[in-house]
Amino acid sequence: MRLLRSIGIFTALTALLGQGCFEDPAREALRNEIKGLQQSVDLLESENRSMWRQLQGHAGAEPYLVVDTEANWLYVRRDDEVLLKTIISTGSGKKLEGQGGRKWTFTTPKGVFTILGKEENPIWYKPDWAFVEDNLPVPPPASPKRFVRGMLGKYALCIGGSYKIHGTPYRKLLGQSVSHGCIRVGDEDMERLYELVSEGTTVYIY
Amino acid sequence: MKLRNVICWIIAITAIAGCNGQRRAAEIDRLQKQRQELEGRLKTAKEEQRFLAFIKDIYATDKRYLVLNTRSAKGFLKVGNRVLREFPLLLDGCRKPDIVPAENADAYVLPKGRIQMIAKEEDPAWYKPDWLYEKDMTPLPPVNSPERLIPGPMGAYALFFGGGFVIHGRPADAAPPMVTDHACIVLENDDLRAVYNLLDAGSVAYIR
């Protein structure tokens with residue numbers, strides 16, 4: 015009789031504990047949060063999918079580059095597929111004023127661009143602002159002081175004007191908007207990027 | 143006997159509770175991982191949405207337009223409020239001939255306000271008008287003679303607008319500015335290519 019009772023209580027206790035009768039609020043809150051997140055993700059992803067369908071044929075079957083200057087990401091995509099995603103540095107938006115009222119604003123240009131050229135071991139032609147910024151006298155255009163090796167990593171892609179997508183020695187700053195308008199990429203990803211991209215590749219910067 | 147029973151109970155309950163505690167920890171761990179994964183997906187989806195909104199604007203062909211500010215010598219290719227591209231206008235890219243006959247003087251005035259693109263052309267040839275031959279005292283080739291079509295001076299592309307206004311490029315060899323017979327704005331080659339690719343006949347330009 016006593017044995018039976020013991021078994022009864024034991025089973026009941028096990029059932030109670032196992033069923034989460036003593037459910038704690040933390041776990042419940044987590045579940046609710048996940049539920050909410052899942053709903054947002056599903057909604058957003060389905061919206062994006064339908065947008066991709068609308069864009070079919072526009073985005074292109076050839077690889078193209080996407081530069082998100084707000085989040086500092088660069089993607090190589092083919093249609094809706096991501097071939098490469100890498101963290102970058104884009105323009106800081108800072109302003110600089112030089113003698114004679116010359117002004118510069120260091121932003122990455124937005125819009126649609128084309129890869130115009132590919133360079134290996136690029137040499138940085140130091141523009142006037144680089145001297146003004148360091149409080150140095152601006153040398154004549156052809157001065158040897160203008161040509162600097164190593165600042166652009168091993169590879170560079172030209173997108174027009176004097177704007178480039180290039181490697182960088184300032185690895186630790188990737189992810190921050192600190193450049194003078196160029197798009198800095200980590201050296202390893204820059205190498206892959208260089209291989210994936212050809213002259214004429216479209217670049218979307220926003 | 144009773145004490146032994148109580149101890150037995152305590153051990154049993156602790157064991158179950160402990161087991162449950164472990165299970166609970168494992169589940170919380172799993173839930174947290176799930177949350178992390180979802181947060182990651184949400185972030186990616188948001189980033190993707192921003193890109194899609196941008197690219198959708200870009201491909202809304204009929205909504206693209208040009209704003210050409212001749213005072214600041216800056217041009218903007220826009221969709222709604224979004225600037226797709228900003229570029230310099232080379233206002234002295236074309237040279238007005240020294241003597242313009244009075245009847246052609248109007249052709250050199252940049253139109254202001256809203257104008258529409260009529261056509262665009264790759265590798266445009268320039269049709270040299272009569273009065274320029276007359277001015278140079280060279281024999282006048284017949285109308286529609288291929289001799290009149292001069293390739294090169296307008297660069298790689300030309301966009302023709304109403305009122306005789308043209309947006310075009312420069313000759314490849316950086317020759318001195320062409321002598322022109324029309325009101326025009328010259329763009330750098332890569333800017334011109336972008337504008338050419340993104341606009342079509344019917345697109346609107348606002349000049350001020």
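Same order as they appear, the protein sequences are chains A and B. Here this note's numbering runs 14 ahead of the position in the first sequence, where the first position is 1. Here this note's numbering runs 142 ahead of the position in the second sequence, where the first position is 1. Ideal placement from N, C-alpha and C gives every residue a C-beta, glycine not left out.
Requested in this report: Tell me, to the nearest whole angstrom, how far the beta carbon of residue 69/A is from that of residue 188/B; I am working on the premise that it is less than 8 Å.
Outcome: Not quite, the Cβ-Cβ distance comes to about 18 Å (not below 8 Å), so this is no contact.
Query raised in the report: Terminal residues of the continuous alpha helix (DSSP H) containing residue 291/B?
Result: Element bounds for residue 291/B: not the alpha helix (DSSP H) but the beta strand (DSSP E), 291-293.
Query raised in the report: Can you name the start and end residues of the beta strand (DSSP E) that residue 250/B belongs to?
Result: The continuous stretches of beta strand (DSSP E) do not include residue 250/B, and DSSP gives it neither H nor E.
Query raised in the report: Under 8 Å between C-beta atoms, does residue 164/B make it to chain A?
Result: no
Query raised in the report: residue 340/B: buried (16+ other C-beta within 10 angstroms of its C-beta) or exposed?
Result: It is buried - the Cβ of residue 340/B has at least 16 other Cβ atoms within 10 Å.
Query - Endpoints, alpha helix (DSSP H) assigned at residue 145/B - result: Counting along the chain, the alpha helix (DSSP H) containing residue 145/B begins and ends at 144-200.
Requested in this report: Taking 8 Å as the cut-off, decide whether the C-beta atoms of residue 329/B and residue 229/B are in contact.
Outcome: yes
Report task. Name the one or two DSSP bridge partners that residue 180/A has. Result -> 170/A and 198/A
**Report entry** Runs of alpha helix (DSSP H) lying entirely within the stretch 267-310 of chain B, each at least 4 residues, in chain order
**Finding:** 272-278
Report task. Just mark residue 190/B as buried or exposed, buried being the case when its beta carbon has 16 or more other beta carbons within 10 Å. Result -> buried
Query raised in the report: In chain A, what lies closer than 7 Å to residue 303/B by C-beta?
Result: Within 7 Å Cβ-Cβ: nothing; residue 303/B doesn't reach chain A, min ~21 Å.
Query raised in the report: Would a C-beta distance cut-off of 8 Å place residue 200/B and residue 226/B closer than the cut-off?
Result: yes
Requested in this report: Would you identify the three-state DSSP class for residue 206/B, choosing helix, strand or coil?
Outcome: strand
Query raised in the report: Got a sec? Which residues, its chain only, sit under 8 Å from residue 212/B by beta carbon, not counting five neighbours each side?
Result: 231, 233, 252, 327, 349 and 350
Requested in this report: Show which residues of chain B have a CB atom less than 7 Å away from the CB atom of residue 59/A.
Outcome: 187
Query - Beta carbon of residue 196/B nearer than 8 Å to that of residue 218/A - result: At a Cβ-Cβ threshold of 8 Å, residue 196/B and residue 218/A count as neighbours.
Query raised in the report: CA-CA distance, residue 286/B and residue 270/B?
Result: 10 Å
Query raised in the report: Are the Cβ atoms of residue 105/A and residue 127/A separated by less than 8 Å?
Result: no
Query - Of the residues 273/B, 297/B and 268/B, the one placed nearest residue 288/B, counting alpha carbons only - result: Sorting 273/B, 297/B and 268/B by C-alpha distance to the C-alpha of residue 288/B places 268/B at the top.
Query raised in the report: Since residue 225/B meets chain A, which of its residues come closer than 8 Å, beta carbon to beta carbon?
Result: 124 and 125
**Report entry** Spatially closest choice to residue 158/A from 141/A, 134/A, 18/A and 211/A, by CA coordinates
**Finding:** 141/A
Requested in this report: Confirm, please, whether the CB-CB distance from residue 162/A to residue 181/A is below 8 Å.
Outcome: no
Query raised in the report: In chain A, what lies closer than 9 Å to residue 332/B by C-beta?
Result: Correct list: 127, 128, 130, 173, 174 and 175.
**Report entry** Where residue 259/B falls: helix, strand or coil (DSSP)
**Finding:** strand
Query raised in the report: Identify the residues that DSSP records as bridge partners of residue 125/A: which are they?
Result: 219/A
Query raised in the report: Would you say residue 196/B reaches chain A, if we count a Cβ-Cβ gap shorter than 8 Å as a contact?
Result: yes
**Report entry** Cβ separation of residue 81/A and residue 91/A, assumed to be a contact under 8 Å, to the nearest whole Å
**Finding:** Wrong, their Cβ atoms sit about 11 Å apart, outside the cutoff.
Report task. Grab me the residues of residue 275/B's own chain with a C-beta within less than 6 Å of its C-beta, minus the 5 sequence neighbours each way, in chain order. Result -> 282
Query raised in the report: Looking at the unbroken alpha helix (DSSP H) that takes in residue 39/A, where does it start and where does it end?
Result: Here the alpha helix (DSSP H) through residue 39/A covers 39-69.
Query raised in the report: What distance in whole Å lies between the Cβ atoms of residue 324/B and residue 249/B, which are believed to be in contact at a cut-off of 8 Å?
Result: With 8 Å as the limit, residue 249/B and residue 324/B qualify as a contact, their Cβ atoms being about 6 Å apart.
**Report entry** Bridge-paired residues (DSSP) for residue 213/B
**Finding:** Paired residue(s): none; residue 213/B is not in a bridge.
Query - Alpha-carbon spacing of residue 101/A relative to residue 214/B, whole angstroms - result: Those two C-alpha atoms are separated by around 35 Å.
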